[in-house]
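Novice:
2 protein chains.
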Amino acid sequence: MKLKATSEYALRILAHMSNTNEDSHTAKGLSQTLNIPYKYLTRIMTNLGKAGFINSTRGKNGGFIFAKPLEEIKIYDILEVMNDVNEDVCLMGEGLCSQGEHCVLHESWSKPKQLIEEMFKNSSLKDLQKSAPFKA
Amino acid sequence: MKLKATSEYALRILAHMSNTNEDSHTAKGLSQTLNIPYKYLTRIMTNLGKAGFINSTRGKNGGFIFAKPLEEIKIYDILEVMNDVNEDVCLMGEGLCSQGEHCVLHESWSKPKQLIEEMFKNSSLKDLQKSAPFKA
DNA sequence: ATTAATTACTACCTTTAAGTAGTAATATAA
DNA sequence: TTATATTACTACTTAAAGGTAGTAATTAAT
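Chains A and B supply the protein sequences, listed in that same order. Residue numbering for the first sequence follows the working numbering, beginning at 97 and increasing consecutively. Residue numbering for the second sequence follows the working numbering, beginning at 97 and increasing consecutively.
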């Protein structure tokens, strides 16, 4: 019931970038502002780049910018890239729940779980902007 | 959005014990039936014992039995013992959400999260019995 | 060209969860 | 009282996540 550190970092980075007007962000700046270890952050940035969320330019005045509109980057996509999505995993893993039968808790568990996952799929970085309207 | 292996094992073990009439279960038997590594299982059993869920007897004809009625062992308690509870942890960890302000996703996320946690608190091993009535 | 500022890459180190091995302690039965 | 079947304890190994270090590649400014 907790995202892994890498996912949290990625969300915080992208959310912060979504909430500023600056046309470019450097790893150094992001690292300091968000208090994320510099070297670890650069690796995350590279992955976010490979995933197509951001573009990077090296060298002086280099940095990171979004590669597409905020609405097109879903929270779910980010978690997927960070390898932090576990759909259809039942409460007890390989246990009673997996082989056709379902444990009694299965329903109670999978419903809110699906709710959360739907929310991840429906919300984008646009929704993480401070100005964003409240979204159910 | 996934329990850790140890928690899943613990739940499967206790659920299985709840669903049998045998007055005692051996580590060997549980390990084979549930396909959980023997040595790892015995460590889990020791922890479940220390937590007061089960009693153990060594030696010939030894094994594990419940230390109290099934209703009194809540799923939440089990997860707590397994160190797998993360209440009040926001989506982005130490990020925007922590310092007074909440990110826009906070509500959407924390509601179903709380739902799940409430469910864990309200349901016990009794509810994991195959015969248990469906429970919302 | 040279320097400085940046990202990219590769390899390593640290921590924690997961899993294994060996032995000690305990209880029963023969 | 000896053998056997069990759990308990301690220490190690493995795998994966998290984090660090050094250097190469790239870009811009001077």
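Yeah, the Cβ is synthetic: ideal placement off N, Cα and C, and Gly gets one too. All of these numbers come straight from a predicted model, not from anything done at the bench.
Can you list, in chain order, the stretches of the alpha helix (DSSP H) that have 4 or more residues and sit fully within the stretch 163-213 of chain B?
Specialist: Listed in chain order, the complete alpha helix (DSSP H) runs (minimum 4 residues) inside the stretch 163-213 of chain B are 171-177.
Novice: Starting from the C-beta of Ser220 (chain B), find all residues in its chain whose C-beta is less than 8 Å away, skip the five residues before and the five after it, and write them out in chain order.
Specialist: Only Leu166, Glu167, Glu168, Ile169, Lys170 and Ile171 meet the Cβ criterion.
Novice: CB-CB under 6 Å to Ser127 (chain B), same chain, minus the five flanking residues each way: which ones, in chain order?
Specialist: Closer than 6 Å at Cβ, skipping near neighbours: Tyr134 and Leu137.
Novice: Closest to Lys100 (chain B) by C-alpha separation, out of B:Cys199, B:Ile174 and B:Asp223, would be which residue?
Specialist: Lys100 (chain B) has its Cα closest to that of B:Ile174, out of B:Cys199, B:Ile174 and B:Asp223.
Novice: What residue range does the alpha helix (DSSP H) around Asn143 (chain A) cover?
Specialist: Where Asn143 (chain A) is concerned, the enclosing alpha helix (DSSP H) stretches over Tyr134 to Lys146.
Novice: Name the two residues that bound the continuous beta strand (DSSP E) containing Thr153 (chain A).
Specialist: Residues Ile150 to Thr153.
Novice: Following the continuous alpha helix (DSSP H) through Met113 (chain A), name the residue where it begins and the one where it ends.
Specialist: Per DSSP, Met113 (chain A) belongs to the alpha helix (DSSP H) from Ala101 to Ser114.
Novice: If contacts are defined as beta-carbon pairs under 8 Å, then Gln225 (chain A) and Asn151 (chain A) qualify, I think. What distance do you get, rounded to the angstrom?
Specialist: In fact, because the Cβ distance is near 20 Å, the residues do not count as touching under 8 Å.
Novice: Using the three-state DSSP reduction, which class does Gly158 (chain B) fall into: helix, strand or coil?
Specialist: Of the three classes helix, strand and coil, the one that applies to Gly158 (chain B) here is coil, per DSSP.
Novice: What separation, rounded to the nearest whole angstrom, lies between the Cα atoms of Ala232 (chain B) and Met215 (chain A)?
Specialist: Only weak support exists for where Ala232 (chain B) lies, its pLDDT of 48 falling under 50; the coordinates are left without a value.
Novice: At the level of alpha carbons, what is the spacing between Asp119 (chain B) and Lys209 (chain A)?
Specialist: Each residue's Cα considered, the two are about 35 Å apart.
Novice: Could you check if Glu203 (chain A) is buried or exposed, using at least 16 other CB atoms within 10 Å of its CB as the buried criterion?
Specialist: It counts as exposed.
Novice: Do you know how far the Cα of Gly125 (chain B) is from the Cα of Gly148 (chain A)?
Specialist: If I take the Cα positions, the gap works out to 50 Å.
Novice: When the cut-off is 8 Å and only beta carbons count, does Met141 (chain B) lie next to chain A?
Specialist: Cβ-Cβ to chain A under 8 Å: no for Met141 (chain B).
Novice: Please name the residue in A:Phe160, A:Lys98, A:Ala111 and A:Val185 whose C-alpha comes closest to that of Leu130 (chain A).
Specialist: Ranking the options by Cα distance to Leu130 (chain A), first place goes to A:Ala111.
Novice: Please decide whether Ser219 (chain A) counts as near chain B, where near means a Cβ-Cβ distance under 8 Å.
Specialist: Yes, Ser219 (chain A) counts as interfacial toward chain B.
Novice: Do we get a CB-CB distance below 8 Å when we pair Leu166 (chain B) with the residues of chain A?
Specialist: By this cut-off, Leu166 (chain B) is not an interface position.
Novice: Select from the stretch 174-185 of chain B all residues with a C-beta closer than 7 Å to any C-beta belonging to chain A, and list them in chain order.
Specialist: Those residues of the stretch 174-185 of chain B that come within reach of chain A (Cβ to Cβ, closer than 7 Å) are Asn182 and Val185.
Novice: Considering only the beta carbon of each residue, do Glu213 (chain A) and Glu176 (chain A) sit closer than 8 Å?
Specialist: Contact: no.
Novice: Quick one, which residues of the stretch 103-114 of chain A are near chain B if we go by CB-CB under 7 Å, in chain order?
Specialist: Residues Glu104, Leu107, Arg108 and Ala111.
Novice: From this set, B:Thr102, B:Met97, B:Met141 and B:Lys98, which residue's C-alpha is nearest Met113 (chain B)'s C-alpha?
Specialist: Of the candidates B:Thr102, B:Met97, B:Met141 and B:Lys98, the one whose C-alpha sits nearest the C-alpha of Met113 (chain B) is B:Met141.
Novice: Can Ser120 (chain B) be considered in contact with the ligand MG, in the sense that its beta carbon sits closer than 7 Å to one or more heavy atoms?
Specialist: The ligand content of the structure shown is nil, which means the ligand MG is not present either.
Novice: Is there at least one Cβ from chain B nearer than 8 Å to Pro208 (chain A)'s Cβ?
Specialist: Cβ-Cβ to chain B under 8 Å: yes for Pro208 (chain A).
Novice: Please report how far the alpha carbon of Lys98 (chain B) lies from the alpha carbon of Lys156 (chain A), in whole angstroms.
Specialist: Taking the straight line from one Cα to the other gives about 43 Å.
Novice: Roughly how many angstroms separate the alpha carbons of Cys186 (chain A) and Ser206 (chain A), rounded to a whole number?
Specialist: For Cys186 (chain A) and Ser206 (chain A), the distance between alpha carbons rounds to 7 Å.
Novice: Which bits of chain B does Ile169 (chain A) rub up against, with CB to CB less than 8 Å?
Specialist: The premise fails here: Ile169 (chain A) is roughly 14 Å from chain B at the closest Cβ pair, so nothing lies under 8 Å.
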